[in-house]
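>
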Amino acid sequence: MATIVLIGASGNVGTRILKELTSRNHTVTGIARHPEKIARLDGVTPLTGDVHDGKSLAPLLKGHDAVISAVRFVDSDPAVLVQAVRDAGVKRYLVVGGAGSLEVAPGKKLIDQPDFPEEYKPEASKGADFLDYLKSVTDLDWTFLSPSALFVPGERTGKFRLGKDQLLSTEAGSSISFEDFAIALVDELEKPAHVRERFTVGY
1 MATIVLIGAS GNVGTRILKE LTSRNHTVTG IARHPEKIAR LDGVTPLTGD VHDGKSLAPL
61 LKGHDAVISA VRFVDSDPAV LVQAVRDAGV KRYLVVGGAG SLEVAPGKKL IDQPDFPEEY
121 KPEASKGADF LDYLKSVTDL DWTFLSPSAL FVPGERTGKF RLGKDQLLST EAGSSISFED
181 FAIALVDELE KPAHVRERFT VGY
């Protein structure tokens, strides 16, 4: 059992991660702009936090075993978040990543493919920038978990594959549910296997 801060605890992915954490008896401080939207679960303390204000965020992170960031990349700054984790004295930092920076072939990223939806490009591009920033961070035990191309609500099956920098896909396409993504992330939290690395999860 660990004490975890989950930034973005009221979002689509954050809600599933929160549920997965509490189902495994972790104690969670959930942070959101509107904490009233955070699910009321045993072991969860909802707090108001601003991802753009590192100085006010750091005290909320202090004293925890790990920080999980589940916020949109276009709405956050990796430098501010990383510094807040540092200032709080927390060493373990896990990030809900994006799929855009995954390779579909050697040297060819998903975001650069002609059929990549234009409306997703700003978020995907910022996600790639976030990963690049993390790669320069050597004083935190960070992990960046990229989902598959299709990242949607679904079932908690516990049946999935893990990869590294290549997009995982089957004949049916490339996908992972929020629920199974949450399993993979909390597994990594409990038994770190990808410290200072990106990895990916898919069916």
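Residue numbers are given in UniProt numbering: position 63 of the sequence shown equals residue 63, and the series is strictly consecutive. Yeah, the Cβ is synthetic: ideal placement off N, Cα and C, and Gly gets one too.
1. Would you tell me roughly how many angstroms separate the C-alpha atoms of I17 and V186, rounded to the nearest one?
2. Taking Cβ to Cβ, would you say V137 is nearer than 9 Å to V201?
3. According to DSSP, simplified to helix, strand and coil, what is A124?
4. How many whole angstroms separate the CB atoms of S10 and I38, which I take to be in contact at a CB cut-off of 8 Å?
5. Would you tell me roughly how many angstroms separate the C-alpha atoms of K126 and V71, rounded to the nearest one?
6. Take A128 as the anchor and find which of T157, D42 and D77 has the nearest alpha-carbon.
7. Can you tell me which of the three DSSP states E119 falls into?
8. Report the residue from E20, R196 and G97 whose alpha carbon sits nearest the alpha carbon of E155.
9. Bridge partners for R161 per DSSP, in chain order?
10. Give every residue of the same chain whose Cβ lies closer than 6 Å to the Cβ of L57, excluding the five residues on either side of it in the sequence, and list them in chain order.
11. Using the three-state DSSP reduction, which class does A58 fall into: helix, strand or coil?
12. Check for me: the alpha helix (DSSP H) holding D187 runs from which residue to which?
This is what the structure holds:
1. 8 Å
2. No, the pair does not count as a contact, with Cβ atoms beyond the cut-off.
3. In this structure, A124 counts as helix in the three-state DSSP scheme.
4. The C-beta distance from S10 to I38 rounds to 5 Å, short enough to fall under 8 Å.
5. 12 Å
6. D77
7. helix
8. E20
9. G202
10. Scanning its chain for C-beta atoms nearer than 6 Å, with the 5 sequence neighbours on each side dropped, one finds around L57 the residues G49 and A84, in chain order.
11. Helix, per DSSP.
12. F178 to E190
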